[in-house]
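Read in order, the letters of the sequence shown are residues 36 to 105 in our numbering.
We treat Cβ as the ideally placed atom computed from N, Cα and C, and that holds for glycine.
A short write-up of the structure that comes next.
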Amino acid sequence: MQRTPVTSTNIRSIGYDSQSATLEVEFTSSDVYQYFNVPEHLFQQFLHASSHGQFLNDSIRYNYRYQKVS
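Dropping the structure here:
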């Protein structure tokens with residue numbers, strides 16, 4: 036999945052696959068997680084958030100099923 040670099044102390048890049056509604060987050064630790072059934076509008080909000088880490092914690096991390104992929 037192609038990811039877009041973001042400015043964040045904890046997140047290196049984020050990507051989205053609209054066909055599967057999967058959000059992918061690469062952390063600065065190089066860990067990559069996928070979050071499932073995330074609406075595209077939420078990805079767009081995440082992409083443009085003033086604080087990517089806070090947005091992930093507040094709106095995504097505890098609301099969507101996820102798995103570590105690397």
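- The residue among 50, 82 and 93 with its C-alpha nearest the C-alpha of residue 68 is 50.
- In this structure, residue 77 sits near residue 95, with a CB-CB distance shorter than 8 Å.
- Check the Cα spacing between residue 47 and each of 103, 104, 100 and 88: the tightest is with 88.
- From the listed residues 70, 86 and 52, the smallest Cα separation to residue 42 is found for 86.
- Our two residues, residue 53 and residue 71, have alpha carbons roughly 11 Å apart in a direct line.
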